[in-house]
Amino acid sequence: MKELKANEIEIDLSNLNLPKSTKDVKIKVKFDHQSRAYEALKDAVKLDNKNYNIFVAGPTGSGRHTFVREFLSQIVSEMPVPKDWAYVYNFSNAFAPRALSFEPGNAQRFKDAMSKMKKEVLESVKRAFESNDYAKRKSDLEGKYASKRKELWDSLSKKSSELGFAVQVGPTGIMTVPVLNGKPLSQEEFDRLNPDQKKFYEENVIKLKKLVDGTLHKSRVLENEFKDKMDKLDEEIAKFAIDPIFEELNEKFKENSDIVDFLKLVRKDILDNLEVLRNDQTDKDKFMARYDINVVIDNSKVHGAPVVEELNPTYANLFGKVEYYATMGTLQTDFKFIRSGAFHRANGGFMILNAEDLFRSELSWDATKRLINSGTLKIENIQEYLGYGITVTLNPEPIPANVKIIMVGEPWIYDLLYQYDADFRKFFKIKAPFDWEIDLSSDGVEYYLQLLRSVIDKRNLLHVDESGIKEIIRTGMRLIERRTKISTQANRITAILVESDHKARELKKKKIDAQSVKEALKAMELRLSLEADRMLEYFKNNEIMIDTTGEKVGQVNGLTVIEGGDYPFGMPVRITAKTHLSDTGVIDIQRESNMSGKIFTKAVLIISNYLSAKYTTKHPLSFAATVSFEQTYSTIEGDSASVAETLSIISAISKIPLKQSLAITGSINQNGEVQPVGGIPYKIEGFFKVCKIKGLTGDQGVIIPASNVDDLVLDPEIIESVKAGKFHIWTVRNVDEALEIATGKKAGKMDGKMNYEKGSINYLVVKEIERISKMEEKSEKKRTNKRKSAKKTRNTESQDFIDDEDEEDDED
Numbered sequence: 004m005k006e007l008k009a010n011e012i013e014i015d016l017s018n019l020n021l022p023k024s025t026k027d028v029k030i031k032v033k034f035d036h037q038s039r040a041y042e043a044l045k046d047a048v049k050l051d052n053k054n055y056n057i058f059v060a061g062p063t064g065s066g067r068h069t070f071v072r073e074f075l076s077q078i079v080s081e082m083p084v085p086k087d088w089a090y091v092y093n094f095s096n097a098f099a100p101r102a103l104s105f106e107p108g109n110a111q112r113f114k115d116a117m118s119k120m121k122k123e124v125l126e127s128v129k130r131a132f133e134s135n136d137y138a139k140r141k142s143d144l145e146g147k148y149a150s151k152r153k154e155l156w157d158s159l160s161k162k163s164s165e166l167g168f169a170v171q172v173g174p175t176g177i178m179t180v181p182v183l184n185g186k187p188l189s190q191e192e193f194d195r196l197n198p199d200q201k202k203f204y205e206e207n208v209i210k211l212k213k214l215v216d217g218t219l220h221k222s223r224v225l226e227n228e229f230k231d232k233m234d235k236l237d238e239e240i241a242k243f244a245i246d247p248i249f250e251e252l253n254e255k256f257k258e259n260s261d262i263v264d265f266l267k268l269v270r271k272d273i274l275d276n277l278e279v280l281r282n283d284q285t286d287k288d289k290f291m292a293r294y295d296i297n298v299v300i301d302n303s304k305v306h307g308a309p310v311v312e313e314l315n316p317t318y319a320n321l322f323g324k325v326e327y328y329a330t331m332g333t334l335q336t337d338f339k340f341i342r343s344g345a346f347h348r349a350n351g352g353f354m355i356l357n358a359e360d361l362f363r364s365e366l367s368w369d370a371t372k373r374l375i376n377s378g379t380l381k382i383e384n385i386q387e388y389l390g391y392g393i394t395v396t397l398n399p400e401p402i403p404a405n406v407k408i409i410m411v412g413e414p415w416i417y418d419l420l421y422q423y424d425a426d427f428r429k430f431f432k433i434k435a436p437f438d439w440e441i442d443l444s445s446d447g448v449e450y451y452l453q454l455l456r457s458v459i460d461k462r463n464l465l466h467v468d469e470s471g472i473k474e475i476i477r478t479g480m481r482l483i484e485r486r487t488k489i490s491t492q493a494n495r496i497t498a499i500l501v502e503s504d505h506k507a508r509e510l511k512k513k514k515i516d517a518q519s520v521k522e523a524l525k526a527m528e529l530r531l532s533l534e535a536d537r538m539l540e541y542f543k544n545n546e547i548m549i550d551t552t553g554e555k556v557g558q559v560n561g562l563t564v565i566e567g568g569d570y571p572f573g574m575p576v577r578i579t580a581k582t583h584l585s586d587t588g589v590i591d592i593q594r595e596s597n598m599s600g601k602i603f604t605k606a607v608l609i610i611s612n613y614l615s616a617k618y619t620t621k622h623p624l625s626f627a628a629t630v631s632f633e634q635t636y637s638t639i640e641g642d643s644a645s646v647a648e649t650l651s652i653i654s655a656i657s658k659i660p661l662k663q664s665l666a667i668t669g670s671i672n673q674n675g676e677v678q679p680v681g682g683i684p685y686k687i688e689g690f691f692k693v694c695k696i697k698g699l700t701g702d703q704g705v706i707i708p709a710s711n712v713d714d715l716v717l718d719p720e721i722i723e724s725v726k727a728g729k730f731h732i733w734t735v736r737n738v739d740e741a742l743e744i745a746t747g748k749k750a751g752k753m754d755g756k757m758n759y760e761k762g763s764i765n766y767l768v769v770k771e772i773e774r775i776s777k778m779e780e781k782s783e784k785k786r787t788n789k790r791k792s793a794k795k796t797r798n799t800e801s802q803d804f805i806d807d808e809d810e811e812d813d814e815d
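37 is the number that the numbering used here gives to position 34 of the sequence shown; each next residue is one higher, with no gaps.
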């Protein structure tokens, strides 16, 4: 047991080698403060396996994302820049666009080159087909085949004339007419011919039909030959026009065989569709759009491996989509409307995802697992992914995926996924545990100063002088309730710096000093402390009854913490105990009324066993002790009131009063040892404020576990009150030490004969238990005698009844 002096609870930062200002702090990327996470990330990067993705587990606001970004910035520059990817038209199947890969930066170059190619092709083709050379060659070819056609038809006319017929070509086909003496015969004239003449014509008409059919066949062959010759001429002219363009393209991209093959298909498609390009009635730009290049992954401006952090991981944002456009009331699409997702941009590098955001987005987690398992990036709209697609859409060729996923989340999310999702265990084999606090060592302070400097530079804030640094460090200690560590909650630190900067500027200061930080913290507390201030009013008006002076039997002040969201605060609570004859032991009213949690219930059982083991060495507990947390109307959880409850029960049994000027916190084990609890600074400050509004008397204070000394990050006003002797803080290691402080009497030790020192508290408790036991024995003896007497009476009455019946039988 020990009363702490003011110098033992003051926070002395004079031994820290702090700079005069954060302006003197140089940013050096170090990862010593998060060695576990750092080593895990290093291992994961070296393991080139799709299953070795990373889950960074740590509390929100502890700088997890910043740490990951800083780590990656150190390694990605040494990694190769991944390839570009683009989608192009598939000449075999327009609904299945092809994916082409390029060396970094070449996709955009190829896109620009193809855009230039389209213009040059149209211009060159137009010039070529409007040239005099083409006109002359075409005219010569047309003349040549016109002569051949004339010879063919002249031959037909001559031969048909020899057969007695004239051949006429009409709009409906070829007509043959019999001729006599050079004149065509009408039907009437033909009918007047003699039989021999008719026979001549009838015999020759069959020969003529064969002659006409043969001529028509030769004409078709001639026309096809002419068309082929014209096509060859057009192709020759077109090749002459476009080949230099494609030769230049092939030379630029000759190292990429896929591009060379694609250019061959483009050239062939152009030559196959010359009539479209030459027809003034066609939309040439629309047709030429099939030669566009849709770059979906462009790493032209990336240095090293890409790092992508998707803040809104919806399915479409992660995996891309196919967009549509409306034409005449219908939806249409093509390969140019394929849109990439974040995973495409991260391909070949790292993807940072927030776990909670990922799981809030429907289907994103399942699709992410599918990506890891398949090793490919497939773009399909969500309805197609679900199998509900009802419109014609595209089926783009998948792109090989090589991305390391770093998921950042709370530890409970990792535990939940690891337990219930087998795929998570398979795909996220690396856990990077992120600590939310750092030791107050030279390395820890150095990191903390760098954290301050980085926030200041990023937010363009005023620099912090030495006094301000100390105040912020104290606040960092307060956040985790430890004097030997500092919190790394980056969001809280940023908020403090931003508001301190605002206060410093209001005070016309050039730097953020201690006063600026205190004013900022005061303003933040004012915004958040409404509920706490209302509670203090209840104590002041005695609406919540707490005594801070005098002594009472079976009554003690416990300490609790109310978790008011971002503003936890402490408050005392009156704990009372009453005893009466029974053999039920300790009865906690909260537990019996289902207003307690599991830990609280466990604590009550520990108290009961502790009391039984300590005081019933000779006589059993023959009484019931009821314990109640007065004026509490919600569920109570935790074991930090165990010491206070134990003292109230002992006081109720021994009839020794407890000092109401004290408040007690601490849990106990079955050996009566006092164990550390949480929220110590808030609990002490809560009781101090109540004592202050009720009047400080100089003998008020708190009893806390000795193992909680390092948690004393207290308000300076309390330290000054301790220094002035107006408030006290005692530390204890066991229940007996707490008893002695709370009663001012000796607890008493047990001797070899299992007896406590005469007159001590423990002695009085045992004596009271003995007295109650004897009373219980006498009462039990009386009850036993009464039961025996009642049984004897019942037996006598039964015998008299039997005798009476026997007498009646005799009379009968």
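Every residue gets a Cβ at the ideal spot worked out from N, C-alpha and C, and that includes glycine.
These figures come from a predicted structure and were not determined experimentally.
Query	Result
Element boundaries [alpha helix (DSSP H), containing ALA435]	Not the alpha helix (DSSP H): ALA435 falls in the beta strand (DSSP E), residues 433 to 436.
Beta-carbon gap between ARG2 and VAL501 smaller than 8 Å	The question about residue 2 has no answer here: the residues shown for the chain are numbered 4 through 815.
Cβ pair GLN593, THR579 closer than 8 Å	no
LEU523 versus ARG486: straight-line alpha-carbon distance, rounded	Looking at the sequence itself, residue 523 is Ala, so the reference to Leu does not match. Near 22 Å, if we compare the C-alpha coordinates of ARG486 and ALA523.
Under 8 Å between C-beta atoms of LYS473 and MET480	no
Sheet register partners of MET410 (DSSP bridge)	PHE58, LEU356
Distance, ASN10 Cα to LEU742 Cα	26 Å
Counterpart residues of ILE177 in DSSP-defined beta bridges	VAL172
Range covered by the beta strand (DSSP E) that runs through TYR570	That residue, TYR570, is in no beta strand (DSSP E); it is neither H nor E in DSSP.
Nonlocal neighbours in the same chain, by C-beta distance under 6 Å from ASP468, ignoring five residues either side	SER24, LYS514, ASP516
GLN335 - partner residues in DSSP beta bridges	TYR328
Where ALA727 falls: helix, strand or coil (DSSP)	coil
Span of the alpha helix (DSSP H), counted from its first residue to its last, around ARG281	277 to 281
Distance CB(PHE322)-CB(GLY344) smaller than 8 Å	yes
Alpha helix (DSSP H) segment containing PRO247, residue limits	198 to 255
Helix, strand or coil at GLN284 [DSSP, three-state]	coil
Segment contact flag, the region 230 to 239 with the region 157 to 167, C-beta cutoff 8 Å, min 3 pairs	no
Between the CA atoms of LYS434 and ALA655 - distance to the nearest angstrom	52 Å
Rounded distance between the beta-carbons of LEU455 and ILE483, thought under 8 Å	With a Cβ gap of about 17 Å, ILE483 and LEU455 do not count as contacting.
Rounded Cβ spacing between ALA60 and PHE437 (contact assumed at less than 8 Å)	6 Å
Residues near ILE416 by beta carbon distance below 6 Å, same chain, minus five either side	ALA358
Of the listed residues MET753, GLY390, GLU133, THR582, nearest to ASP283 (C-alpha basis)	GLU133
Selection from TYR570, LYS512, THR563 that minimises the alpha carbon distance to GLU534	TYR570
Beta-ladder partner(s) of ASN560, from DSSP	ARG577, ALA666
Contacting residues, own chain, Cβ-Cβ under 6 Å from THR497 (five flanking each side not counted)	VAL458
Host beta strand (DSSP E) of TRP368 (start-end)	Unbroken run through TRP368 is the alpha helix (DSSP H), 367 to 377; no beta strand (DSSP E).
When ALA47, LYS511, TYR451 are compared against ARG495, the one with the closest alpha-carbon	TYR451
ARG530 - containing alpha helix (DSSP H), residue span	517 to 531
Contact belief for LYS441 with THR491 at Cβ below 8 Å, rounded distance in angstroms	Reading the sequence as shown, one finds Ile at residue 441 and not Lys. That pair is a contact at about 6 Å.
Short Cβ contact (8 Å threshold) for LYS339 with ASP295	yes
Rounded separation between PHE730 and LEU420 - CA only	49 Å
Span separating the alpha-carbon of LEU2 from that of LYS212	Summary: the structure shown does not reach residue 2, with the chain confined to residues 4 through 815, and so no result is reported for it.
ILE245 to ALA97 span [Cα, whole Å]	24 Å
Host alpha helix (DSSP H) of TYR613 (start-end)	601 to 618
Beta-carbon proximity list for ARG101, same chain, < 8 Å, skipping 5 on both sides	TYR90, VAL91, TYR92, ASN93, PHE265, GLU400
LYS511, buried or exposed, once every other Cβ within 10 Å from all chains shown has been counted against 16	exposed
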